[in-house]
Every structure is written in structure tokens, then in C-alpha cells.
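One structure is given here, and the rest of the page talks about it.
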Amino acid sequence: MMARYDRLGPLAVPPRERAFPGWYLLRDLEGHERDAELSRRARVRFLVARVLRRLAAGGFEAVPEESLSRQLDAVREELGQLSARDPERLLVARQLHDLRDGRPDAAMSAALTLSEWHRQSHSTYAAEEFARIAVDLAEAAERTRAISVATRGVARALLTAGLVDSAREQAERACVLALEGDDRVGWIDAMAELAATYRAANDAAKATEVLAMAVRRAREWGDERGVGHALLAQTEHELESGNAAAGVDLGWAALRALHDRSDRLAALSLLARCFTRLGLHRAAARCHEIRQKHVADNTERARIAVALAQSHAAAGDQARVRSTSAAAVKELNAVSTRIRAGLLLDLAIAHVQAGGADSGRELLREAIALARRDHADSELHRAEELLASLEQQVDVDLDPPPPAPPTPTALRIAAEIERANEGVVFAN
Amino acid sequence: MAYIAALLPDPADREALEAASNPHELLFAETWRELQRIVRRQPISLVVMDLHAEARKDGALRVFRFSQRYPLTPVIAWGDADGRELFRLGKAGAADVVISRSIEDAAIVREIVVSSLGRGLGGLLEQRLRDRVDGDGRELVRYAADRIPEQIQVPGLAGAFDISISTLERRCERWALPTPGRLLLWLRVLHGLRWLMEPGRSVESVGYQLGYSSGAAFRRAIKATIGGRPTPLRNEEGFERAVNLFVSECGRDGAGGGA
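Protein chains in written order, with numbering that gives the first Met the number 0: chain A, 0 to 427; chain B, 0 to 258.
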């Protein structure tokens, strides 16, 4: 029961060490306490976190198998409160299935997967809590490398929440742990996270310095994958710093240094973003098309599908916008409400750019409903503003800022990418 | 053994808590008022409270009121709560929650009870001694601290570890702890100070609960450990100072190390 005026609402948040296990993720409810749907989801998240926290606190051997199994069944039952096709329900059900035998690897992987999913969905407290649980699980299993990976997850969650200083502390800790665990690629990834915190604090010079050090060390070690990861981080840094042409050079170098399929897909993703900034939309579309064939993650697939439609829209190819956006809408059903709202907005803009004002308006209405449901204020504001302009037939400037002129090298690489077949994702 | 006070009107809930609380002693209250009375009169280490014990009452608000009044006594909220209610319970100061679905699983309830009891003095001391005393020594302190409400004495402590009093004394020396008698004296004083920080408790009543024959005897115990009178110690700073003094008596560089 809750009084009309809730006396507990204005109370200060208890410090983490005083709050009960798993409570911190419930903070995503802050300001939305009366949202019944979010309350249901928060309870499910809490129950999942309790299972994982239990494994971390007691150690993997200490939790009786039968009790763990019963607890998992209870969470599974609780999932029944969410609709059968709900993306969060499907994701959690998969993780619960993997947890059955209480293996440390499965538990850590579940915690990190959930953390990343919530981070992308802007449920930042849930993202942080699950990443912290992953740290505790890795500590319980005494795995230094895994502790470093999970700590990086905490840093990423904190950075998404805008807590730059705390994120930096965690990224620094991840760097130290990676070196302790002799995980060179892990150290480079942690350095990339550290650089991201400097970038977020508008200290691009420091970020550049951190990444230069990462590349230098990777070369000294003669670790080709490490060099590739460091180059990927530099690509992202140049892209975020508005230097997409340099990003293309670095991304291309990274692609050639990396042999792992997931690494090469990550390089293509960054290259696509660089090409888009440079107005090289055909090359960007080719990157998306290649990635679409190899990526399994639902959220990533949806992002790729929308990005492909955007590339076609920017290239003025109306027919392809229509055909690709139909596929994109299908992919969107498998992602969280928050991400769906944002991607529908992007798709709507692509439609309007390609001259499809009616279909654009329809997509905008859908985006508005979802953004409202998920308290996604910035998406809601943008979508409402755009819809209002379209309905009043006011000219809206949807075109992105004019692209920076591509360098000859960027043009050459773009041409190579356009000719590339799917084999580009496999080792050369 | 610790004392756990519980407001659980449903007999099935009481049974579930009993099954999970061994060897601790449960004191069941019939009403919210009685629960408070029990906490005021007995050295309670943990409270378990059914969120829906009273019709048309906000369970989370009850937890809040209790935590405000007795901030050193952890409260476990018991019963069904949706996400919003769980969020409010955290703000209200609940130490943990037993969700309805978990009630039949004694293992889960036991883990929650044990971890919430760990928020008491025993858990606090175990944490503070981590860098000064090894695991076996900390286990002894924890065991003794948890049994102060039962008025444990040195022979009982030695018996619990299946050793003679002289062996216990030798082990305390090896673990860099004060002698068993002084250890129990300290723990009684620290327990007493914690209770004195909560309202409605007099030096006389706390002394009596700790097994002293009078309030004066408890005052003498404070003088023998911390020095001075209890009144200036009835606040967080005073308690913290007392804990620090105790910790400084433990470990190789402490008085316990050379005793």
C-alpha cells in the first residue's frame, strides 16, 4: 500500500553498504514509482540479481543445488508477468537456463550480459548493479582476468550514467587488474575505457595520450590482436573527436591487424560510422550489409538494420529505404522499449529524408508512444517536435551537418570496402 | 545464539522462520506495539516484520519508523512486495527482504537471517579485525559477540570450541586477542553501548540484560575498558571510540598481543 503522499519518497538514498543486496538496481524506479510496468520489471531484475548475488556471496559450492533450482524456478515463474515476446523476458530466460548448474562462468556471463543490455537500455542502475555482481562473482571464483573484465563493465555503466570520475576510478582499476592477470588485450580494452572517461570529461588530449600509450605497448609486446584493439580504440576516439577521415585510416589498419571475426565486425562498425560522417554512404551501407549477415545479437541487428536504412536515405535511394526499413521494423521487435523508441525515431527521420512523410509520421507516433512508456524524455521531445513540424508542414532541417571532405586515402578505402565481399569479416 | 523478535501473524510464516533460525531464539509479537515493547526490553539482535501484519497499514512505513527508532537493530521485511515496494523498503532502512516465494526455502531464509545478523556487532567486529587478527581468532570473537545476549561466560565459550579454559587462554594469546575474560568484558560493554544508543533504554536495564547484578556493575565494566562514565558514550562517536579501543587491544601490536 502506498499513501497518496509517500513519506518515504523524499528520503535520501542509503549508502550502498547499508542497502540490502540487489536494492541499488531498483533505483531505476526513482521518479517513476507509480509506473506499474516498470515496477514489475524492477522486481524481476531484483530477483535475478538476488540469485547471482547469492552465488557470489556464498561461493558456488555453498548454495544447495535444490535450493538454487527452486529459486530459479521462482524467477522463471515471475517472468510470466511479462509478455511472451518481451525481449527482456527472453533474455532473462536464456540466462536463467544457463545458470542451472551454478557454474561460475555461466553466472559471470549472465551478469555481464544483463549489465550491457540494461546499459544500452539506459537502465543505468541495473547496469551498474549487474556489473558489480559480475565483479563479486569473479572475485568469488578468484579469477583476476574476469575481475578486470567485470570492472570494465562497471566503468562503462558508470560512464553511461554520467558518473565520469567514478567510471575513471573503475577503468584504472581494470587496467591494474588486467596487468596482474597478464591479460594484454584486456589491458588495452581497459585503457580504451579509461580514454573514454577522459573524452567524456572533454580532455581529448589526455585520451589521445592514453591511447597512444596503449598502441605503443601493444607494439612493444608484439601482440597483433592487442595492436588491433588499440587501433579500434583510436578509431573511435578520432570519430568522436570529429576526425572521421583519420578514423577511416585507423579503422582500416585495425581491420587488417585483427583476425577474430567479432573483432573484424567491430572494425566494420566503426568504419561504417566514419564513412557516414564523411558522406561516403555507399561504403557505409556495404559495411552494414556485411555485418548484418554475421551479427547474432538482437539489439545490434536492429541497430544495423536502421543504420542501413539511414545510409540508403542519405544516398537518396528511396526504394532501398522502403525495403530495408521493413526488415528493420521486424528486428526492432526484439529490442528493449527504450532502444526501440530511439531507433524508430532514426528510422522515421530516414523515411522523411527519403520523401516518405506519411510513413515517417507513422513511425514517429509509434516512437512517441514507446518513449512515453519508457520515460525516454530526450527521444520523446525530439519525436514530438519533429511530428509537430511535419503535421504543420513546416520545413524541418533533417540533413546532418555537411560532411567533412574525405581524404584520398579515405576514398580509396571506401572504394575497397564497396567492392569487398563478405569474406572481409574472416581472417585475411 | 541471538534473540530475534518477529511480527509474523501467519503460523506458516512463523514455522518457516523457526525452521531457518536455529540456534537463535525467536520471540514472536502479536502486534506492532508488542514488537516495539520486546525490542525495548530484550537485547534483540534482529527483527523480522511481516509487511502486511496490520490491515490498512503501510508496511514499509512501519519499517522506516522502526529503523528510525532503533537504527542499530537490523530489520528483515517479510512478505510480498512489488518493485515499487521493494524500492521503498530499501529507503526505509530494511536490512533485507524475504520475498513470499522464498519462504518455503529454509536455505534462502537462513542465509538472509545470517547475513542480517552480520550487520550487528559480531559482523562489525569481524570486519574491523580483518587486518589485525587471523580467521580463527575472528571466528572466536564473532561467536562470543553473537552470544553475549545469552550471557555467555568463559567456561561456556571454551566448551563451545571443545577445549579447556587454559587452552582457550593460550589460543587467545596466540591469536593476539585479549584474555577470554577480558574479551567477554569488552563484548558486553560494546553490546551495552549499542543498546544504550537506542531510545527507551537505561543503564540499569541494559546492565541487567547483559547479566550484571546492577547498573553500577555495568558502569564499572565501562570504566575498566574505556574509562569514564557511560552517558558521554551514548552516541555514534562514543561507540566508534569504544570499538577503536577494543580493536587496538587486538592484534600483534595491541595489548592482547603481549598479554
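Cβ atoms here follow ideal geometry from the backbone N, Cα and C, with glycine treated the same way.
Taking the alpha carbon of residue i as the reference point, which residue from the options has its own alpha carbon closest?
| i | options | result |
| --- | --- | --- |
| TRP194/B | ARG137/B, GLY119/B, GLU172/B and GLU14/B | GLY119/B |
| PRO42/B | GLU29/B, ALA143/B and ALA4/B | ALA4/B |
| ALA213/A | GLN233/A, SER310/A, GLU299/A and ASN201/A | GLN233/A |
| ASP345/A | HIS121/A, LEU385/A, GLY221/A and HIS374/A | LEU385/A |
| SER114/A | VAL134/A, HIS96/A and ALA284/A | VAL134/A |
| HIS374/A | ALA313/A, ASP27/A and GLU192/A | ASP27/A |
| LEU189/B | LEU244/B, LEU16/B, GLU24/B and GLN67/B | LEU244/B |
| ALA370/A | ARG75/A, GLN352/A, ILE338/A and ALA18/A | ILE338/A |
| GLU24/B | GLN35/B, PHE217/B and LEU45/B | LEU45/B |
| SER310/A | ALA206/A, ALA284/A, ASP376/A and GLU299/A | ALA284/A |
| HIS117/A | ILE348/A, SER335/A, ALA217/A and SER82/A | SER335/A |
| HIS51/B | SER99/B, ILE164/B, GLN67/B and GLY89/B | SER99/B |
| ASP394/A | GLU417/A, THR406/A, GLY354/A and ALA413/A | GLY354/A |
| ILE75/B | GLU17/B, THR30/B and ASP95/B | ASP95/B |
| GLU378/A | HIS121/A, VAL12/A and PHE19/A | HIS121/A |
| THR30/B | GLU17/B, LEU16/B, GLU14/B and VAL47/B | VAL47/B |
| PHE129/A | ALA149/A, ARG319/A and ALA140/A | ALA149/A |
| GLU138/B | ILE164/B, VAL97/B and LEU182/B | LEU182/B |
| VAL351/A | GLY315/A, ALA368/A, GLU208/A and ALA244/A | GLY315/A |
| LEU184/B | GLY117/B, PRO70/B, ALA159/B and GLN152/B | GLN152/B |
| LEU26/B | ALA11/B, ASP12/B, LEU6/B and ASP49/B | LEU6/B |
| ARG17/A | VAL62/B, GLU53/B and ALA93/B | ALA93/B |
| ALA333/A | LEU90/A, ARG75/A and GLY180/A | LEU90/A |
| ARG15/A | GLY58/A, ILE132/A and ARG6/A | ILE132/A |
Chain B partners of residue i, CB-CB under 7 Å?
| i | result |
| --- | --- |
| PRO63/A | ALA106 |
| GLN392/A | Near GLN392/A there are no residues of chain B at all, since even the closest Cβ is about 43 Å away, more than 7 Å. |
| GLU32/A | ARG83 and PHE86 |
| ALA312/A | Within chain B, no residue comes near ALA312/A; the closest Cβ sits about 39 Å away, beyond 7 Å. |
| PHE19/A | GLY89, ALA93, ALA94, ASP95 and VAL96 |
| LEU54/A | Neighbours of LEU54/A on chain B: none; closest Cβ ~11 Å, over 7 Å. |
| LEU25/A | GLY82, LEU85, PHE86 and GLY89 |
| LEU28/A | GLY82, ARG83 and PHE86 |
Per DSSP, residue i forms a beta bridge with which residues?
| i | result |
| --- | --- |
| VAL4/B | A small correction: the amino acid at residue 4/B is Ala; Val does not occupy that position in the sequence shown. DSSP lists LEU26/B and VAL46/B as partners of ALA4/B. |
| ILE75/B | VAL47/B and ASP95/B |
Please return the same chain residues whose Cβ sits closer than 7 Å to the Cβ of residue i, not counting the five positions on each side in sequence.
| i | result |
| --- | --- |
| LEU257/A | ARG224, GLY227, ARG263 and ALA266 |
| LEU158/A | ALA166, ALA195, THR196 and ALA199 |
| GLY256/B | Low confidence applies here, because GLY256/B scores a pLDDT of 44, under 50, leaving its location unreliable; read the following figure in that light. Once the five neighbours on either side are set aside, the close Cβ partners of GLY256/B are ALA175 and GLY250. |
| ALA19/B | ALA105, VAL108, ARG109 and VAL112 |
| GLU421/A | ILE289 and LYS292 |
| LEU54/A | VAL62, GLY101, ALA106 and LEU136 |
| LEU71/A | VAL50, LEU95, LEU98 and ARG99 |
| ARG233/B | LEU195 and MET196 |
| HIS287/A | ALA271, ILE303, ALA306, LEU307 and SER310 |
| ILE412/A | VAL247 and TRP251 |
| LEU176/A | THR143, ILE146, SER147 and THR150 |
| ARG218/A | VAL226 |
Counting only Cβ pairs nearer than 8 Å, list the residues of chain A close to residue i.
| i | result |
| --- | --- |
| PHE63/B | ARG6, LEU7 and LEU10 |
Name the chain A residues whose beta carbon is nearer than 7 Å to that of residue i?
| i | result |
| --- | --- |
| GLY134/B | The premise fails here: GLY134/B is roughly 15 Å from chain A at the closest Cβ pair, so nothing lies under 7 Å. |
| ARG100/B | ALA73 |
Going by beta carbon distance, what residues of the same chain come within less than 8 Å of residue i, once the five residues before and after it are set aside?
| i | result |
| --- | --- |
| GLU390/A | ARG360 |
| HIS31/A | LEU37 and HIS374 |
| LEU81/A | ARG39, ARG40, VAL43, GLU87 and ARG88 |
Given that residue i touches chain A, what residues does it touch there, using C-beta distances under 9 Å?
| i | result |
| --- | --- |
| ASP81/B | ALA35, SER38, ARG39, ALA41 and ARG42 |
Whose Cβ in chain B lies nearer than 8 Å to the Cβ of residue i?
| i | result |
| --- | --- |
| SER66/A | ASP104, ALA106 and ILE107 |
| PRO13/A | GLY89, LYS90 and GLY92 |
| PHE45/A | GLY82 and LEU85 |
| TRP220/A | What TRP220/A touches in chain B: nothing, since even the nearest Cβ is about 36 Å away. |
Below 6 Å CB to CB, which residues in the same chain sit around residue i once its five sequence neighbours on both sides are set aside?
| i | result |
| --- | --- |
| ILE102/B | ALA15 |
| LYS90/B | none |
| SER213/B | none |
Mind pulling the chain B residues with CB within less than 9 Å of residue i?
| i | result |
| --- | --- |
| GLY57/A | GLU110 |
Next item on the list: With 7 Å as the C-beta to C-beta threshold (strictly closer), list the residues of the stretch 321 to 350 of chain A near chain B in chain order.
Entry: Answer set for the stretch 321 to 350 of chain A: empty.
Next item on the list: Closer than 7 Å, Cβ to Cβ, to anything on chain B: give me those residues from the stretch 66 to 98 of chain A, in chain order.
Entry: Within the stretch 66 to 98 of chain A, contact with chain B at the beta-carbon level (separation under 7 Å) is assigned to SER66, ARG69, GLN70 and ALA73.
Notebook entry, point to check: Residues in the stretch 36 to 62 of chain B with C-beta within 8 Å of chain A's C-beta atoms, listed in sequence order?
Noted result: From the stretch 36 to 62 of chain B, only ARG55, LYS56, ASP57, GLY58, ALA59 and LEU60 have a Cβ closer than 8 Å to chain A.
Next item on the list: Note down, in chain order, all residues in the stretch 109 to 141 of chain A with a beta-carbon under 9 Å from any beta-carbon belonging to chain B.
Entry: Per Cβ criterion, the list is empty.
Next item on the list: Output, in sequence order along the chain, the residues in the stretch 110 to 126 of chain B whose CB is closer than 8 Å to any CB in chain A.
Entry: Flagged, chain order: GLU110 and SER114.
Next item on the list: Using a Cβ-Cβ cut-off of less than 8 Å, list which residues of the stretch 249 to 274 of chain A approach chain B; keep chain order.
Entry: Within the stretch 249 to 274 of chain A, no residue has a Cβ that lies closer than 8 Å to any Cβ of chain B.
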